[in-house]
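There are 2 protein chains.
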Amino acid sequence: MNRKPLRVALLGFGTVGSSVARILVERPDLATHVQLTHIFNRDVARKRASWVPSSVAWTDNIDELFAAKPDAVVEVVGGVEPAGAWVRRALTQGASVVTANKMLLAAHAPELLHLAATYGAQLRFEAAVAGGVPLIHGVREGLAGDRLTRVAGILNGTSNYILSRMAGSDEPMSVVLDDARKLGYAEADPSADVDGDDAAAKLVVLAGIAFRRHLRLSDIPRQSIRPISSADFRYARRLGCTIRQIAMVETGPQRAGPGSPSRMPARWDGDVRVGNPATPAEERFHAFVGPALVLRGSHFGLNMGANNVVTIAGHYGGENSFSGAGAGGPATAVAVVSDLLSLTQRTHERGEEWPSARVASPPARPYYLRFVVRDRPGILASIAASLAHQRINLDAVLQEPGYPKDALPFVITVEACEEASLKAALDEIAGSDFHAERPLALPMLFDPVAQACATGAPELGEGERP
Amino acid sequence: MNRKPLRVALLGFGTVGSSVARILVERPDLATHVQLTHIFNRDVARKRASWVPSSVAWTDNIDELFAAKPDAVVEVVGGVEPAGAWVRRALTQGASVVTANKMLLAAHAPELLHLAATYGAQLRFEAAVAGGVPLIHGVREGLAGDRLTRVAGILNGTSNYILSRMAGSDEPMSVVLDDARKLGYAEADPSADVDGDDAAAKLVVLAGIAFRRHLRLSDIPRQSIRPISSADFRYARRLGCTIRQIAMVETGPQRAGPGSPSRMPARWDGDVRVGNPATPAEERFHAFVGPALVLRGSHFGLNMGANNVVTIAGHYGGENSFSGAGAGGPATAVAVVSDLLSLTQRTHERGEEWPSARVASPPARPYYLRFVVRDRPGILASIAASLAHQRINLDAVLQEPGYPKDALPFVITVEACEEASLKAALDEIAGSDFHAERPLALPMLFDPVAQACATGAPELGEGERP
Chain G
0 MNRKPLRVAL LGFGTVGSSV ARILVERPDL ATHVQLTHIF NRDVARKRAS
50 WVPSSVAWTD NIDELFAAKP DAVVEVVGGV EPAGAWVRRA LTQGASVVTA
100 NKMLLAAHAP ELLHLAATYG AQLRFEAAVA GGVPLIHGVR EGLAGDRLTR
150 VAGILNGTSN YILSRMAGSD EPMSVVLDDA RKLGYAEADP SADVDGDDAA
200 AKLVVLAGIA FRRHLRLSDI PRQSIRPISS ADFRYARRLG CTIRQIAMVE
250 TGPQRAGPGS PSRMPARWDG DVRVGNPATP AEERFHAFVG PALVLRGSHF
300 GLNMGANNVV TIAGHYGGEN SFSGAGAGGP ATAVAVVSDL LSLTQRTHER
350 GEEWPSARVA SPPARPYYLR FVVRDRPGIL ASIAASLAHQ RINLDAVLQE
400 PGYPKDALPF VITVEACEEA SLKAALDEIA GSDFHAERPL ALPMLFDPVA
450 QACATGAPEL GEGERP
Chain E
0 MNRKPLRVAL LGFGTVGSSV ARILVERPDL ATHVQLTHIF NRDVARKRAS
50 WVPSSVAWTD NIDELFAAKP DAVVEVVGGV EPAGAWVRRA LTQGASVVTA
100 NKMLLAAHAP ELLHLAATYG AQLRFEAAVA GGVPLIHGVR EGLAGDRLTR
150 VAGILNGTSN YILSRMAGSD EPMSVVLDDA RKLGYAEADP SADVDGDDAA
200 AKLVVLAGIA FRRHLRLSDI PRQSIRPISS ADFRYARRLG CTIRQIAMVE
250 TGPQRAGPGS PSRMPARWDG DVRVGNPATP AEERFHAFVG PALVLRGSHF
300 GLNMGANNVV TIAGHYGGEN SFSGAGAGGP ATAVAVVSDL LSLTQRTHER
350 GEEWPSARVA SPPARPYYLR FVVRDRPGIL ASIAASLAHQ RINLDAVLQE
400 PGYPKDALPF VITVEACEEA SLKAALDEIA GSDFHAERPL ALPMLFDPVA
450 QACATGAPEL GEGERP
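Quick note, the sequences are listed as chains G and E, same order. Mapping of the first sequence onto numbering that gives the first Met the number 0: residues 0 to 465, in sequence order. Mapping of the second sequence onto numbering that gives the first Met the number 0: residues 0 to 465, in sequence order.
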């Protein structure tokens, strides 16, 4: 075990990159394992930091960096290109890569994993999902003995900040979003966060971690949180719920393959592929990204601010939950440095591959339907008739006082139904002329564990703030 | 990687053992990695299960089992002996051991780890702390890049069931404990659970996982939850808190060693020892097991029923939290099977050792002091004077209406003070003749992360139950 330290080149010296360098500099105990040799950044003169030892070469010439033949490359540049070209170049010359780049992985994970396997390099990405939350090892090794069935999480801190603050304050989204921008939680253009693209990319990586399968990013259905109003939180509370942006993937219906003893998606356990991999055509997953009703006492409902939380459900072990800082330089850098250290420990791992799998239409679910109407007699009857045409059962009708007659929000919850039926009913309903806003449909995501947690938590709602 | 499957002998066919066998039988995809060859149990004829393949040999003769030279032994018998003798025997003949036995590890981990290293065997124990929660890999590898500073958890499901139910119901402990026995959450003699011995043993293992140091079980201070009354929950709520049995270990004050650049406890990162290990004499940890006031909105305050939760704080990454089923056959069995699979993947790990470390007196902390008195004038003045003698500052005095004059509970909270000063003051106070019950002192364990979580959670306390 007395190998030379791993020679590491750092691509990108922004928030995460500088935190990675900081940990490596501040922990001399790591020096025998990991040695930072190069830092690459555009306009590097502007970036140079005096606390970085003089032994580190600063460069803005990528060729110079690769010519030095680093053992490992840390890619914290972000974006699909040119980061992707640099990652390919590193792997092709046999350098292992540690990356925090969810967009690159969501787009090209299968290709990059194949490249790594081909050239005997490793590709590590603990930092790409839920920043500092140590998911990969816990899931891959700690839960290897289980059969995972569902992975769900709050993976976008910006959306969670917005929704958890709206839930507590009655403020409109525009006000909260402005504040989020001022506090640095949201970018000038928050589309990637609030419309679900960021969470969808992370979900592709998370599905890879949990099931070793690749879902196509464009196949992940996503819904924006933009239409959520303070009225929605008021109605959600009436239902014992709140609203969060949830990213979820679960094992879906499997087409029975001839002579296939297990139709569970095959998984890798530890580092050796185990199981009886179904052919890709057989495998389907349900996936979803968007605002959903969750129980207030569940791990999701209790998750506040920019924190991330991921729950993993298994056939044997039930549900486990991991939570922590989803972003931020130091927390993400811990994941990167941990990956670097794992490269020094596990040098003989066989590369893994992620075969593609399909995203199937969602299972039947209960939904929350919110209408904003110009009030007049007959609206409820008309909506109820359209739902009945599709054989969708109403569960509850809620109408809170205090709203204007010309923009009156009210809510109907419906029992579990197919998405296609719901869509047909809503298309018919949307044809009426009483709408002041487009109808909103949110899935209600309850699961037994979350419900048990909520039921067991009576002390939380006794009129005092925790 | 085309090795023969690991030949596994199972010691103990109770709840966990039979679940381990069940997973191995139900997952044929594991057969190329792990092969169950023997099941040992006393009075084995009574245990024999028809769903176990006939290739498995059942025995109540331990010599027969060891004569078969298994590659690995799963020890789920529990108790220090004879389990300890069997684990030693396995390691000595080069068989790796997977155990769920916290009592054995708390008593003898250093010796067993040394034995494993000496004979080239592995010792794995993911199942020994927080049953199904995949802690070890997450902490060891996922957080290897951080400097851990504190590990705290709710590790005893029985105590948490009792306290979380008392918090919500106003029932006295005797009633809740009786129900817990009926539901199978508590044993006829619940001492090990409620007095903290079970959590203390798990804490010793958790400290080993996080810091690779061994704390002596008898050194861990522990306090029983037995004196907690429904009045305590009422007062705790007034303070925004609730009460949980917490097990906690944190890096303590270090004596400066000459020329030691880092006085942080050295850790292992990945599998290679890194750092500048201080000599054992330099290392001290704070440890505590017992009921404590925690914020209602914190991970601890929100943990209900028999669930376990563990939070890990690091210098760089802040706090991460893991939660899930702390016990139960299938969840614990997932941890055992995961450990077995990891043995098939990582065959060349160097054995680790846990040098001893000392438990230091706790840091200065704020405390919750509850008195039950026969009311008369001058009591508060007398108590305040005793606290003042020790230079302990009062923070709040709380007295709720509705209690009888001859057994009146009231609460004083005090600012952070040394345990020794508090003890001196309480000794003086206990000498007075106005007490109807022995005074109770509980530490108030708040940390910035938990506080931020609580502050960010206004939607939880609006008069409705989540």
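Don't be surprised by glycine CBs; every beta carbon is placed ideally from N, CA and C.
Between Glu-74/E and Leu-5/E, the C-beta gap is not smaller than 8 Å, which leaves the two residues out of contact. The continuous alpha helix (DSSP H) containing Trp-85/E extends over residues 82-91. For Asn-159/E, the enclosing alpha helix (DSSP H) has its first and last residue at 156-168.
With respect to the 8 Å criterion, Phe-124/G and Val-204/G are classified as neighbours on the basis of their beta carbons.
Taking C-alpha positions only, Val-335/G is separated from Gly-144/E by approximately 8 Å. Close partners of Asp-145/E in chain G (Cβ separation under 7 Å): Val-333. In the DSSP annotation of this structure, the continuous segment of the alpha helix (DSSP H) that includes Pro-109/E starts and ends at 101-117. Residue environment: Val-72/G is assigned as buried (16 or more neighbouring CB atoms within 10 Å of its CB, all protein chains considered). Per DSSP, His-213/G is not a residue of any alpha helix (DSSP H), being assigned neither H nor E. Flagged as an interface residue toward chain E: Tyr-315/G, by a C-beta distance shorter than 8 Å. Exposed is the label assigned to Leu-182/G, since fewer than 16 other Cβ atoms lie within 10 Å of its Cβ. Within the stretch 67-98 of chain E, no residue places its CB atom closer than 7 Å to a CB of chain G. Collapsing the DSSP output to three states places Tyr-315/E in coil.
Not one beta carbon of chain E lies nearer than 8 Å to the beta carbon of Phe-124/G.
DSSP places Tyr-234/E inside the alpha helix (DSSP H), whose first and last residues are 229-237.
Distance between Ala-199/E and Gly-327/E, taken at the CA atoms: about 19 Å. Here the alpha carbons of Arg-283/G and Val-150/E stand approximately 39 Å from one another. For Phe-12/G, the secondary structure class from DSSP, reduced to helix, strand or coil, is coil. The shortest CA-to-CA distance from Glu-351/G to any of Asn-40/G, Ser-49/G, Cys-416/G, Ala-108/G is the one to Ala-108/G. Judged by DSSP in its simplified three-state form, Ile-242/E adopts strand.
At least one C-beta of chain E is nearer than 8 Å to the C-beta of Ala-330/G.
In the DSSP assignment, Leu-379/E falls outside any beta strand (DSSP E) and lies within the alpha helix (DSSP H) extending over 378-388. For the pair Pro-362/E and Val-413/E, the CB atoms are not nearer than the 8 Å cut-off.
If you draw a 10 Å sphere on the C-beta of Asn-392/E, you find fewer than 16 other C-beta atoms in it, and that means exposed. Counted as a single uninterrupted DSSP element, the alpha helix (DSSP H) harbouring Pro-329/E occupies residues 328-344. Within chain G, the residues Gly-316, Gly-317, Glu-318, Asn-319, Ser-320 have their CB atoms less than 8 Å from the CB of Gly-323/E, given in chain order.
The continuous beta strand (DSSP E) containing Phe-370/E extends over residues 364-372. Under DSSP, Arg-149/E forms a beta bridge with Glu-249/E, Ala-312/E. Glu-125/G sits in a helix when the DSSP states are folded into three classes.
Buried is the label assigned to Pro-133/G, since at least 16 other Cβ atoms lie within 10 Å of its Cβ. Around the beta carbon of His-32/G, 16 or more other beta carbons sit within 10 angstroms, so the residue counts as buried. For Gly-156/E, the closest Cβ of chain G is not nearer than 8 Å. From the listed residues Arg-390/G, Leu-214/G, Phe-370/G, Leu-421/G, the smallest Cα separation to Leu-439/G is found for Phe-370/G.
Within chain G, no C-beta atom comes nearer than 7 Å to that of Glu-399/E; the closest sits roughly 14 Å away. In this structure Ser-217/E is exposed. Its beta-carbon is surrounded by fewer than 16 other beta-carbon atoms within 10 angstroms.
Only those residues of the stretch 203-236 of chain G whose C-beta falls short of 8 Å from the nearest C-beta of chain E are listed: Phe-232, Arg-236.
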